[in-house]
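In terms of this note's numbering, the sequence shown has 102 at position 63, counting the first letter as 1, and numbering is strictly consecutive.
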Amino acid sequence: MVDKSGDALEAMKKKRFTVAEGETIVACLARMKQEGYRPIRRIEQPIFREVETNGETMVEPCGRIIEFEGVRDEP
């Protein structure tokens, strides 16, 4: 059984880093390392937009958001 203080401690050790527009994945990973975190998971979320063609609305992908979940790098 895990107590609630353990959950809070775990949340403090984890942080999400989003790859900014115009930033490379390598640059984001370097930023993580500089802040003392190492990646444990890569998360990609698609971005959609609605396009109306011939009176019919369709949803099409137009991009993606890339995030990395990192944990504190313990020396």
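Virtual Cβ for every residue (Gly too), placed ideally from N, Cα, C. Fair warning: this is a prediction, and the values are worked out from it, not measured in the lab.
At what residues does the beta strand (DSSP E) containing V98 begin and finish?
-> E95 to R111
Touch check for the segment 51-62 and the segment 85-95: three-plus C-beta pairs under 8 Å?
-> The answer is no - the segment 85-95 does not touch the segment 51-62, with fewer than three Cβ pairs under 8 Å.
Could you round the C-beta distance between R77 and G109 to whole angstroms and report it? I think they count as a contact, below 8 Å.
-> 6 Å
Out of curiosity, what's the CA-to-CA distance linking V98 and V65?
-> One Cα belongs to V98, the other to V65, and the distance between them is close to 31 Å.
Measure the alpha-carbon distance for Q73 versus G61 and round it to whole angstroms.
-> 19 Å
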